[in-house]
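Going by the numbering used here, the first residue of the sequence shown is number 431, and it counts up by one from there. From the three backbone atoms N, C-alpha and C, an ideal C-beta is built for every residue, glycine too.
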Amino acid sequence: MSTRHPDSSLLNLDILALSLLCCLLASVVALVLPQEQVRRDDKELTATAPLPATPALRVAPALNWNRLISTAGTLRSDAEIAGRQGDAIATRLAHSAAERENQALESRVGELAEKVALMQKIQNAEDEARRLKRELEERRRQAETHGLQVQRLVGDYRGPYVLIECTEGAVTVYPGKEKLDIKKAKAQLDRLVAQITAAGFVAFVVKPGGWYLDSYDEIRPRIYEALARIEKNTGKRIGRSTLPLDVSESTTDYLPPGGRR
Numbered sequence: 431m432s433t434r435h436p437d438s439s440l441l442n443l444d445i446l447a448l449s450l451l452c453c454l455l456a457s458v459v460a461l462v463l464p465q466e467q468v469r470r471d472d473k474e475l476t477a478t479a480p481l482p483a484t485p486a487l488r489v490a491p492a493l494n495w496n497r498l499i500s501t502a503g504t505l506r507s508d509a510e511i512a513g514r515q516g517d518a519i520a521t522r523l524a525h526s527a528a529e530r531e532n533q534a535l536e537s538r539v540g541e542l543a544e545k546v547a548l549m550q551k552i553q554n555a556e557d558e559a560r561r562l563k564r565e566l567e568e569r570r571r572q573a574e575t576h577g578l579q580v581q582r583l584v585g586d587y588r589g590p591y592v593l594i595e596c597t598e599g600a601v602t603v604y605p606g607k608e609k610l611d612i613k614k615a616k617a618q619l620d621r622l623v624a625q626i627t628a629a630g631f632v633a634f635v636v637k638p639g640g641w642y643l644d645s646y647d648e649i650r651p652r653i654y655e656a657l658a659r660i661e662k663n664t665g666k667r668i669g670r671s672t673l674p675l676d677v678s679e680s681t682t683d684y685l686p687p688g689g690r691r
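Here it is in structure tokens:
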């Protein structure tokens with residue numbers, strides 16, 4: 431009995447077929463395994479963090495895309511509105527800040543104006559004080575001068591007196607500054623004598639044109655005679671004095687109290 435050996439060509443064919451089968455199985459595994467892995471990942475993701483939008487996107491991707499576009503447009507419009515509102519708010523805030531600044535400036539201006547007015551009042555008061563001081567000094571000087579002049583006129587006499595100014599053709603009586611008609615003034619002369627008697631003193635001031643043969647010579651004797659009769663009847667002493675004045679001298683330096691009226 432003879433022994434048969436397998437054909438080497440058949441063996442090679444079997445090996446080739448086995449190799450092809452392995453390659454085919456590997457390809458199938460490569461195709462199937464990723465899909466299974468993706469499905470497992472999706473299941474795990476859905477189980478851990480379900481997202482309602484994801485299924486919708488898978489089911490209707492075109493519809494969700496349009497919705498996203500619409501939502502983006504709405505958000506863009508809202509953003510533009512918010513931007514405009516923000517600009518308006520910023521503008522109002524800027525205006526409010528400017529108004530507050532203007533109010534602060536107006537308040538400051540008002541305060542400065544009050545201070546300026548107060549300073550002006552102070553300045554006016556200081557000016558008035560200086561004016562009154564000068565006036566007081568002038569009056570004091572005039573009083574001293576007047577006192578010397580009066581002393582020159584009436585001596586040591588310090589009581590009231592009647593001053594009679596004799597100028598060329600005219601007689602003026604102080605106080606009162608009354609013009610006396612020398613030739614027709616009988617009633618005036620009587621009142622003048624009564625006024626002198628009440629005062630207790632009469633003083634004549636005579637300008638150069640009123641001396642002799644003029645107003646002084648006309649009025650003095652008549653007054654002296656009337657006063658002499660009164661002194662004799664009443665026993666009252668009435669003082670008398672006469673003072674010549676230059677043309678440049680003023681009678682006002684010798685006026686009695688109230689003599690300017």
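Through-space distance from residue j to residue i, alpha-carbon basis
i, j, result
"L487", "R497", "For L487, the predicted structure reports a pLDDT of 45, less than 50, and the residue's modelled location is therefore unreliable. A value from the coordinates is still provided. If I take the Cα positions, the gap works out to 10 Å."
"A534", "M549", "22 Å"
"R667", "F631", "9 Å"
"E544", "R538", "10 Å"
"T484", "G516", "The pLDDT assigned to T484 is 48, lower than 50, so where the model puts this residue is not dependable, and the model offers no usable value."
"I649", "L643", "11 Å"
"P651", "T602", "16 Å"
"A547", "L619", "60 Å"
"E541", "R560", "28 Å"
"T521", "A527", "10 Å"
"A509", "N532", "34 Å"
Check whether residue i and residue j have beta carbons under 8 Å apart
i, j, result
"A656", "V623", "yes"
"S671", "L562", "no"
"L673", "A633", "yes"
"G669", "Y587", "yes"
"I653", "I626", "yes"
Start and end residues, alpha helix (DSSP H) containing residue i
i, result
"I649", "645-664"
"L622", "616-629"
Opening and closing residue of the beta strand (DSSP E) in which residue i lies
i, result
"I594", "592-597"
"V601", "600-604"
"L609", "Here residue 609 is Lys; the residue named in the question, Leu, does not match the sequence. K609 -> beta strand (DSSP E) spans 608-610."
DSSP bridge partner residues for residue i (one or two, in chain order)
i, result
"K551", "Note: K551 sits in no beta bridge, so no partner."
"G669", "F631"
"V636", "C596, P674"
Reference residue i, options the options, closest by Cα
i, options, result
"P638", "R530, S680, S526, I612", "S680"
"P590", "Y604, T597, T504", "Y604"
"S678", "Q553, V636, I653", "V636"
"G606", "R514, P687, N494, A524", "P687"
"A629", "L593, D683, W641, L566", "L593"
"E598", "S645, R560, I653", "S645"
Closer than 7 Å: residue i CB and nearest the ligand SAH heavy atom
i, result
"P605", "Absence of the ligand SAH is noted for the structure shown, with no ligands found whatsoever."
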